[in-house]
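Sequential numbering from 1 applies to the sequence shown in the UniProt record's numbering.
Positions of the beta carbon are idealized from the N, C-alpha and C atoms, including for glycine.
Treat the numbers as computed from the prediction; the structure is a model and nothing was measured.
Notes follow the structure.
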Amino acid sequence: LLNHGISHELMDRVEAATKEHYRRFREQRFKEFAAKALEAGEKVDSDNLDWESTFFLRHLPVSNISEVPDLDDSYRKSVKEFAVELEKLAERLLDLLCEDLGLEKGYLKRAFHGSDGKPTFGTKVSNYPPCPKPELINGLRAHTDAGGIILLFQDDQVSGLQLLKDGNWVDVPPLRHSIVINIGDQLEVITNGRYKSVMHRVVAQSDGNRMSIASFYNPGSDAVIFPAPALVEAEEKKEVYPKFVFEDYMKLYLRQKFQAKEP
């Protein structure tokens, strides 16, 4: 998505600060981890290991940005500004999905609300450093995203993101100032399968450090998720998915994230 309305100046600030933060505070730690992993050689358990350096930021229902260590004030300010813009974009996209599905405007946004009237919204900040033996390890193992709608601001120079389409892995090429939009498991459920959660992965690269800033607009922890009745009735078919509480789903997901997905 290119015409997303987020200023390129803000995106450039966030990108520069993220790369500088990795260089100053995380690169050496990752090199120490990598040395141990590579010493193991063929003994590396690639089914349980990813070649990434990651930290998490929470925006809603309560921000934790002021508590995250090693972030300078200008980085915190830029990330907060970026999160506000991404939240607006996510909600605009949800309304466009409502229009496409024939649902009342605002239905998907309300479906994400917990008892406090808010979704959960957070960001995973990742760097995928160059890997001298990319054949031994994944950048990030194949999985679908548990949440609702995902907005990815990725490196515009170093590739690695792939999605599964018709049984084949397809590259998602870097594109400057773009936001990659992905559908998560909760939207697959609410749309009763009309939209599918996309299986994707990151392939480790031998050259370049890939930046990834993935923001997840998800249901509130106690939101009850189920197929939209209007879609079930319109399509004259049964609910394909059961009703559940998002927090319960997340507990199961975290245990099974990288396992084969049930049909």
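Practice task
Determine, using beta carbons only, whether Met199 and Leu164 come nearer to each other than 8 angstroms.
Solution key: Along the sequence shown, read from residue 1 onward, the residue named residue 199 stands at position 199. Along the sequence shown, read from residue 1 onward, the residue named residue 164 stands at position 164. Yes.
Practice task
Enumerate, from N- to C-terminal direction, the unbroken beta strand (DSSP E) stretches of 3 or more residues contained entirely within the UniProt domain "Fe2OG dioxygenase" (119 to 219).
Solution key: 120 to 128, 140 to 143, 149 to 154, 161 to 165, 168 to 171, 180 to 183, 200 to 202 and 210 to 218
Handout entry: DSSP beta-bridge partners of residue 264
Key = The requested residue 264 is not part of the displayed model; the chain covers only 1 to 263.
Problem - Cross-strand partners of Ser53 (DSSP beta bridge) - result: Residue mapping note: residue 53 aligns to position 53 of the sequence shown, counting from 1. BP columns for Ser53 point to Asn127.
Practice task
Would you tell me roughly how many angstroms separate the C-alpha atoms of Ile179 and Glu239, rounded to the nearest one?
Solution key: To locate residue 179, count along the sequence shown from 1; it is residue 179. To locate residue 239, count along the sequence shown from 1; it is residue 239. Answer to the nearest angstrom: the Cα atoms are 32 angstroms apart.
Practice task
Return yes when the Cβ of Asp95 is within less than 8 angstroms of the Cβ of Gly106, no when it is not.
Solution key: Counting from 1 along the sequence shown, the entry for residue 106 is found at position 106. Counting from 1 along the sequence shown, the entry for residue 95 is found at position 95. It is a contact, given that the beta carbons lie within the stated cut-off.
Handout entry: Extent of the continuous alpha helix (DSSP H) run through Asp222
Key = In the sequence shown, residue 222 corresponds to position 222, counting from 1. Neither: Asp222 is in no alpha helix (DSSP H) and is coded neither H nor E.
Exercise for the section: Flag this pair as yes or no: are the beta carbons of Leu215 and Leu97 separated by less than 8 angstroms? Expected result: One-based indexing of the sequence shown puts residue 215 at position 215. One-based indexing of the sequence shown puts residue 97 at position 97. According to the sequence as given, residue 215 is Ser; it is not Leu. No, they are not a contact pair.
Practice task
Determine the burial state of Pro119: buried for a count of at least 16 other Cβ atoms within 10 Å of its Cβ, exposed for fewer.
Solution key: To locate residue 119, count along the sequence shown from 1; it is residue 119. Its Cβ being crowded by 16 or more others within 10 Å, Pro119 is buried.
Handout entry: Secondary structure of Val232, DSSP reduced to three states
Key = Along the sequence shown, one-based indexing puts residue 232 at 232. Of the three classes helix, strand and coil, the one that applies to Val232 here is helix, per DSSP.
Exercise for the section: Can you give me the start and stop residues for the alpha helix (DSSP H) that Val14 sits inside? Expected result: Residue mapping note: residue 14 aligns to position 14 of the sequence shown, counting from 1. Here the alpha helix (DSSP H) through Val14 covers His8 to His21.
Practice task
On the DSSP bridge assignment, give the partners of Val62 in chain order.
Solution key: Your numbering for residue 62 matches position 62 in the sequence shown. According to DSSP, Val62 bridges with nothing at all.
Handout entry: Proximal residues to Val14 (C-beta, below 6 angstroms), its chain only, five neighbours per side dropped
Key = Position 14 of the sequence shown, counted from the first residue, corresponds to residue 14. For Val14, where only same-chain residues beyond five positions count, the Cβ hits under 6 angstroms are Ser78 and Phe82.
Problem - Contact with chain B by Gly106, beta-carbon distance below 8 angstroms - result: Here there is only one protein chain, and chain B is not present.
Exercise for the section: Verify whether the separation of the beta carbon atoms of Leu49 and Phe121 is less than 8 angstroms. Expected result: Along the sequence shown, one-based indexing puts residue 49 at 49. Along the sequence shown, one-based indexing puts residue 121 at 121. Result no, Cβ atoms of Leu49 and Phe121 do not sit closer than 8 angstroms.
Exercise for the section: Specify, as a first and last residue, the run of the alpha helix (DSSP H) that Phe246 falls within. Expected result: Within the sequence shown, residue 246 is the residue found at index 246, counting from 1. Note, Phe246: alpha helix (DSSP H), Phe246 to Gln256.
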